[in-house]
Each structure stands twice: as structure tokens, then as C-alpha cells.
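Protein chains in written order, with my numbering: chain P, 1 to 318; chain R, 319 to 636. Here a beta-carbon is modelled for each residue, glycine too, at the ideal position from N, C-alpha and C. Model, not experiment: these values are computed from the prediction. Structure first, commentary second.
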């Protein structure tokens, strides 16, 4: 299916006048990426007998929306690099990033509106609810940067909004286009939520513990950035007082020798079994995802693309 | 009708969690403004026998979208004040302005999706097309800042996209909700286009020639900012070579004594009859707007709210 998705994006024309507005959009869409949301949308659609043409435009729409959020997030986070290339606000400027992003959000709607369906109102409402929640997730993420104490539940809520609901929405929308019954669209939605949560927890773990040769980027960046991830939140919650205080101090510092800081934080994590705890949390999310997939009432072989994805993600090293 | 609109916005709740995201939205919507787009939408709806409840949510949606564009425009233009109050990026920060704006765009869709209609697809497509064009208009506006030569036609295209299409879209959407025939929705759309063009040309004229005691703000700001408006574009096009060169030089300068610059520019404008030319262009737009209103096939008294608006705008001094 990834071949089909690649073909869709390769043949779609994103640039037009004014070039200053659309060139950054084309640039962003051509950077590639895993196209996981179109994959989820099309998999769910095929599962209920839909054909790819029926959701071609919606698949572009969901990826367009995702790329819009990346573009604005990169600007807000002042991230200079995405997928090995300069981000739009760096390659062009901040105003270009704002306005091209806004336009991508509008274009996402255009793609959805171009895809007819008797259940279009339900589809658009799902997409809209998802879009609002993604914005709320990004806001909570920014809030947490300025908060000393973040609870695990609040962190899970944040990553659910920022990451998981869009995967869930992609699945539900794909199923709706194929006319799936409501209980099944709901199970697919929940499958996406737990898949998304597992995926984000893996990201947190790989950032601190990934094999740098496989992971493809420097590990320990979250620690260097004092980013509040599942790991440090869990560690602050479970560590004995002396280690907790030391960890809190480390996460308020930006020492010149950041390698020493990363090493010491990892030492503390290891000492209180953080990797094992995170792996267990990830395992639980994958189990819940599997359980919701099992509950979808279609033949087993129709579930293969999503079951395969689940299997490959649960084993991912990067 | 403005009382009805005020009541709608006074009773609508905009704030919720997370407050950091929704407080700036509530703040923006509470700043007031003329609410001209809800007025147009509701007027067009009433004209075809619609009732206000039928478009309450859409009226909020169109104003929400308009305020989203103002919020992001103020950030891109680095404008510190809007309606006498600090703009969101000044009162909060740039990231808040980006993300609250994005959320307002999503909320606009939510309001439209909440308003049922058998013609909802047409309504949403019109709104979406409008949204994309408004983004394109803002891009052309920014492009023109960095361009030496702007043609009158290009300028008219820019203000059509940036300003006029949203007024036109508000009218068409209101009429669609009431089930108006296509030829009438098209005439209302064109009425809105010409109304919007006239309105923007008036803005350009008032900025240089408004009575400061009526206009309510310092005149000559466009000249001080070297802003390419209809006036200077027309003047550069029609002035004899020596005045044209002097004008071009003045619009490349930012002298300490900006009052002298404003006075000299106005002197040149007067000498080549720019005010009369702009007034004539405005008159032509109003005539075309009137002609499209005349072509709408409903009884004369049903057109009163839009005819009254046209009359009051053609006489406006601020």
C-alpha cells in the first residue's frame, strides 16, 4: 500500500500562484515522511471494502493537515531541521511559515470536500474535532514546558491530543468512507488512540535509549533540552527523595558538558528501572490496541495491514 | 439587526480549557468590531425568508474566521494595536498568536458544521474557497511590499482576494442557507465583491485624506509606511516624469520629519487629481454593487438592509 500512497503524492500537483505561498507547501509535502496517516486511512477503508480511489483525496487531506501542524510546530519550537532539511521558517521566513501553514489547513479541507460521501458530515465533524484537539495538545505541550510539576495523567492526555487523535481520526475517517458500522469505527478509533500513545512513549524511550546507529540522530536530546517526557515524569514520581532532587536539579540546568548530564540522568533512570516501566506502559498500550482491532467485526485477513503495522511498530528501533 | 448580532456574540461562550489557548480567542472576539460579515450573512438569509436562528452558528463562524485572519495578519505585520487594544501577539506572545489563530480557524469550521442545511456541501465549499483566497490575498499583499512596481490590476486583484471575497462569501452563504436560487446567490456574491473593493479604496483614500477628528486616527500613515495603496499606484502611473520620480523617491524614504513627507505627497496627489480619480473608482464600484443588488429577484423592501448598508458606506467618513 505504501507504493500506492507514494504514487498518489508523486502525481499530485501542489504548486500554483502565488508561488511564494505554494512553493513552501510543495516543499513540505515533498519532504516525504512515513505517510502513516494516509496508510491508516486507506487501510481502514479497504478493510470495509472501500477502494483506494474513494479516499485518494481524503488521504492527501489528512497528510496535508499533519504537515500543516508540523510546519507551525517547527516555527513555535524554533526547530531548524525536519527530515534532514531546513524547516520552512528557516528556509523562507516566519511569515511564510505562518501563512503557508494556514493555507495548508484550508487545503486539507478542500481535499476532504472534494471526496464525496453520504457520511461526509460525520467525516468532516470527525476531522474538525481532531484538528481542534491537536491544537489543544500542542498548547498543553507548551504549557508543560513552563510547569514544574506535570502528572503522568496530564502527560498522557497531552500526547493523546497532540499525537494519538490524528491517527485515530485517520482510521475512523477511512472506515466512514467505506460505510463501516459505528461500533467498528469506534474500535478503530480506539485502536488508533492506543497505537498513538504507544508510538509516542516509544519516541520518548528511543530518544534516551535508542541505538544511535539505528535511531539516526543523537540520543539524549530530550534530556539536554530538559523536555518533560514520560521518562522523567515517571522518574520524578518514583525516585527516592535524594535522586528525585538530583534529577529535578539536572532538569533545571543546561551545563556546558551535556554528555555528562545525559549519562548521569540515564544512570538514575537505570537505577530505578525506568526503561522497564516505560516498556511495560508501551506493552499495555499495544495490548489495548490489539484488543480493539480484535473487536472489529471483519474477517481476520482484512485486518492484516493494521495487524502488520502494529507488529512492526511494536518492534521498532527508530 | 446589529442588536441581534450583538446579542448573539454577547451570549456565546468562547473560553474553555486550556485557558492559554482559548482566553486569547475570547479576548479577540470580545474586542468588538463592526460585525459586518455576520450582518451580510444574516441580511442575505433574511432576504430569502430565512430566520436568524437558521444562521446563528454560521454568523459566528464567519466572524470567527475573519478574526483569525486579523490575528495572524497582526502578527505578520507586527501591528501592536487593534481596536484600541494590544493585539494578541503583544498581550501574550507570538506562539500564542499562531496557535490560538489556528484554533479559531478550526472553530470557524465547527460553527459551520453545527448549522444544518441541505446545501451544506455548497456552503462549506464556498467558505473554503474564500478562506484559500484570503490567504492568497495576504500573500500578494506581502509580495507587493517587496516589489517596486505594482500595476493597478494587480492591486485590485489583491484587495479582491484579501478583503472583498469574504464579504461576498458571507452574503452567498447566508443566501444558500435560505435556499436562494443560484443566479441570486451569484448576484449577491458580486454585490459583495464590489462593495468590498469600494470599501478598501475608501480606506486608502481616508488614510491620506480623512478628517482626523472623524477618522479617529492619524492620517497619512500609509504614506509614512511607504504602503502601496491605490493612491500612490495611480499617481505613479499618471504623474508626469518629474513628479513620478519625486514620488518614487519619497516612497523609498523614511525621513525623520514624516509630516513634511506626507504634506508633499498630498500636494503631488492634489496636483494630478488623485482624490477625484479615486472617488470616481469608488463610485464605479458602488454602481456595480447597486446593479447586482437590483438584479436579485426579490421584492424591493427585502433588499432594504443591504441597500441601507450600501448607502451608509458610500457616505462614510471613517
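Worksheet item: In this structure, what does DSSP give as the bridge partners for residue 266 (chain P)?
Response: The partner list for residue 266 (chain P) (beta bridge, DSSP) is empty, contrary to what the question assumes.
Discussion item. Let me check understanding here. Comparing Cα to Cα, which of P:76, P:206 and P:48 lies closest to residue 303 (chain P)?
Written reply: P:48
Worksheet entry | Inter-residue Cα distance where the pair is residue 145 (chain P) and residue 515 (chain R) | 45 Å
Worksheet item: Of the choices R:421, R:377 and R:471, whose alpha-carbon is the least far from that of residue 129 (chain P)?
Response: R:421
Worksheet item: Is the region 336-351 of chain R touching the region 469-489 of chain R, taking contact as three or more C-beta pairs under 8 Å?
Response: no
Discussion item. Assuming residue 331 (chain R) is part of the alpha helix (DSSP H), what are its boundary residues?
Written reply: Per DSSP, residue 331 (chain R) belongs to no alpha helix (DSSP H) and is neither H nor E.
Fill in: Neighbourhood of residue 429 (chain R) by C-beta, 7 Å cutoff - its chain only, sequence neighbours within 5 removed
375, 376, 378, 379 and 382
Discussion item. So, at 7 Å on beta carbons, what are the nonlocal neighbours of residue 134 (chain P) in its own chain, with the 5 sequence-adjacent residues on each side left out?
Written reply: 69, 161, 162, 165 and 166
Worksheet item: In or out: residue 210 (chain P) buried (at least 16 other Cβ within 10 Å) or exposed?
Response: buried
Worksheet item: Who are the near neighbours of residue 401 (chain R) in its chain, counting only those whose CB is closer than 7 Å to its CB and skipping five residues on each side?
Response: 349, 350 and 351
Worksheet item: Going along chain P in order, which residues have a C-beta closer than 7 Å to the C-beta of residue 424 (chain R)?
Response: 128, 131, 132 and 135
Discussion item. I'd like the span of the alpha helix (DSSP H) that includes residue 333 (chain P), first residue to last.
Written reply: In the structure as shown, chain P begins at 1 and stops at 318. Residue 333 (chain P) is therefore absent and cannot be evaluated.
Worksheet item: Which chain P residues sit within Cβ distance under 8 Å of residue 338 (chain R)?
Response: 139, 142 and 143
Discussion item. By the DSSP assignment, the alpha helix (DSSP H) with residue 34 (chain P) in it spans what residues?
Written reply: Where residue 34 (chain P) is concerned, there is no enclosing alpha helix (DSSP H), given that its DSSP letter is neither H nor E.
Fill in: Distance, residue 540 (chain R) Cα to residue 599 (chain R) Cα
19 Å
Worksheet entry | First and last residue of the uninterrupted alpha helix (DSSP H) at residue 496 (chain R) | First-last for residue 496 (chain R): undefined, no H or E at that position.
Practice prompt. Check each residue of the region 343-356 of chain R: if its Cβ is closer than 7 Å to any Cβ of chain P, include it; give the result in chain order.
Written response: none
Discussion item. Is there a C-beta anywhere in chain P that falls below 8 Å from the one on residue 435 (chain R)?
Written reply: no
Worksheet item: So, do the region 500-516 of chain R and the region 592-610 of chain R have three or more beta carbon pairs nearer to each other than 8 Å?
Response: yes
Worksheet item: So the alpha helix (DSSP H) residue 101 (chain P) belongs to, where does it begin and stop?
Response: 94-113
Worksheet item: Hey, out of R:384, R:569 and R:355, whose CA is closest to residue 346 (chain R)'s CA?
Response: R:384
Discussion item. Report the CB separation of residue 97 (chain P) from residue 113 (chain P) in whole angstroms; it is logged as a contact under 8 Å.
Written reply: About 25 Å; that fails the 8 Å criterion.
Worksheet item: Between residue 469 (chain R) and residue 489 (chain R), what straight-line distance do the alpha-carbon atoms span, to the nearest angstrom?
Response: 29 Å
Worksheet item: Quick one, which residues of the region 210-231 of chain P are near chain R if we go by CB-CB under 9 Å, in chain order?
Response: none
Item to complete: Could you check the C-alpha separation between residue 542 (chain R) and residue 580 (chain R) for me, to the nearest Å?
Response: 7 Å
Practice prompt. Using a Cβ cut-off of 8 Å, pull out every chain R residue sitting near residue 109 (chain P), in sequence order please.
Written response: 427, 442, 446 and 449
Item to complete: Measure the CB-CB distance between residue 120 (chain P) and residue 390 (chain R) and report whether it falls below 8 Å.
Response: no
Worksheet item: Taking Cβ-Cβ distances shorter than 7 Å, what residues in chain R pair up with residue 95 (chain P)?
Response: 394 and 460
Fill in: Proximal chain R residues relative to residue 287 (chain P), where beta-carbon distance stays under 9 Å
Those within 9 Å of residue 287 (chain P) in chain R number zero; the least Cβ separation is about 30 Å.
Worksheet item: Just how far apart, CA to CA, sit residue 297 (chain P) and residue 184 (chain P)?
Response: 7 Å
Worksheet entry | Cβ neighbour criterion (16 or more within 10 Å) applied to residue 369 (chain R) | exposed
Item to complete: Please confirm if residue 99 (chain P) has its CB atom under 8 Å from at least one CB of chain R.
Response: yes
Discussion item. I'd like the list of long-range same chain contacts for residue 285 (chain P), defined as Cβ closer than 6 Å, with 5 residues on each side in sequence excluded.
Written reply: 194, 197 and 198
Discussion item. Check whether chain P comes within 8 Å of residue 389 (chain R), counting only Cβ atoms and requiring the distance to be less than that.
Written reply: no
Discussion item. Among the candidates R:545, R:373 and R:583, whose CA atom is the shortest distance from the CA of residue 435 (chain R)?
Written reply: R:373
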